[in-house]
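Engineer: Mind looking over this structure? Questions follow.
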Amino acid sequence: MTTKKLLRPQILFPAVILILLVIALILAVAVPSKPGFRAVKTDQPGSAMASWADVDEARFYERMAIAVYAHVKEEPQYYDHYVPGRDHTTGVSVYQADVASVLAQPCHLPAEERSTISVHSIPSAFSDARVTSGGSYLFFLADMRDVPDFEPDETVSPSYYDDYAKTFGYALITPRVSVFRAEPYGDTMRVKTSHLPEYLRGEGEYTTFEELRDILAEGRQRFRPDAAQNAE
């Protein structure tokens with residue numbers, strides 16, 4: 102009798118371990134892991150292209166997270182971005198820029214305090230907007246986490262969007278409404294009014310940054326009242 106009692110734990114313990122391993126394997130198959138953010142640096146830009154649709158006033162304010170005047174410092178870095186749920190990668194170019202002036206702060210995210218930001222899009226967007234290293238531009242930029250009622254895709258890991266923003270930075274909304282040349286005007290800067298979308302235009306031939314700040318604040322009050330207090 103003593104021998105039988107001693108043998109039972111020796112038999113049961115390995116059996117329990119085996120059962121737990123089988124359960125773990127079943128769960129791994131039944132509940133696949135959520136894909137995370139994946140991007141690989143490359144030596145040259147990808148071939149991604151897009152057709153750029155017009156952006157109306159409501160859509161512009163829905164997408165715009167921040168407005169800055171910034172100087173692009175150097176040639177872009179290139180990435181292949183592995184988009185979850187797709188069987189191909191997307192080429193992404195990322196510029197680093199020194200911020201000289203902030204015209205509108207982020208909506209829901211913490212206020213932008215860095216002196217350098219990253220700006221990204223697919224390569225053809227920068228070509229269409231004529232963005233080059235060494236140039237200074239007025240940028241109206243997007244952040245997918247900073248739009249109304251942002252809801253993460255349940256098929257990706259919770260950190261996906263933060264990792265995306267950390268690697269790529271802010272995005273162009275579209276080339277047509279995201280990037281503009283500005284010129285000095287006394288103690289401020291100004292943009293040729295005819296170059297801007299109608300909903301961003303001042304009264305005269307040129308629209309100053311002060312006018313743009315007021316226009317952006319008013320537009321946010323109408324279309325993004327939840328974020329209007331952050332406009333500068």
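Residue numbers (our numbering): 102 to 333.
No residue lacks a Cβ here, since even glycine has one placed at the ideal position from N, Cα and C.
None of these values were measured; they are calculated from a predicted model.
Alpha helix (DSSP H) containing T268: first to last residue?
Structural biologist: Segment Y261 to F269, the alpha helix (DSSP H) holding T268.
Engineer: Less than 8 Å between the beta carbons of E312 and S234, yes or no?
Structural biologist: In this structure, S234 does not lie closer than 8 Å to E312 by Cβ.
Engineer: Let's test the definition: count the other Cβ atoms within 10 Å of the Cβ of V184 and tell me whether it reaches 16, buried, or not, exposed.
Structural biologist: Label assigned to V184: exposed.
Engineer: Within a Cβ cutoff of 6 Å, which residues of the same chain sit near A149, ignoring the five residues on either side of it in sequence?
Structural biologist: Excluding residues within five positions, the ones whose Cβ falls inside 6 Å are T191, G192 and I223.
Engineer: Measure from the alpha carbon of A201 to the alpha carbon of each residue in E306, M290, V195 and T308, then state which is nearest.
Structural biologist: Of E306, M290, V195 and T308, the residue nearest in Cα terms is M290.
Engineer: Leaving aside the five residues before and after P326 along the sequence, list all residues of the same chain whose C-beta is less than 6 Å from its C-beta, in chain order.
Structural biologist: Within the same chain, P326 has no close Cβ partners at all.
Engineer: Tell me which residues share the same chain as V141 and place their Cβ nearer than 6 Å to its Cβ, disregarding the 5 neighbours each side in the sequence.
Structural biologist: Contacts found: D181.
Engineer: Is the separation between the beta-carbon of G270 and that of V195 shorter than 8 Å?
Structural biologist: Yes, Cβ-Cβ distance for G270 and V195 is below 8 Å.
Engineer: Output the distance between the C-alpha atoms of M245 and S225, rounded to the nearest integer angstrom.
Structural biologist: Whole-angstrom Cα-Cα distance: 20 Å.
Engineer: Buried or exposed: where does A159 fall if 16 or more other Cβ atoms within 10 Å of its Cβ makes it buried?
Structural biologist: So A159 ends up on the exposed side.
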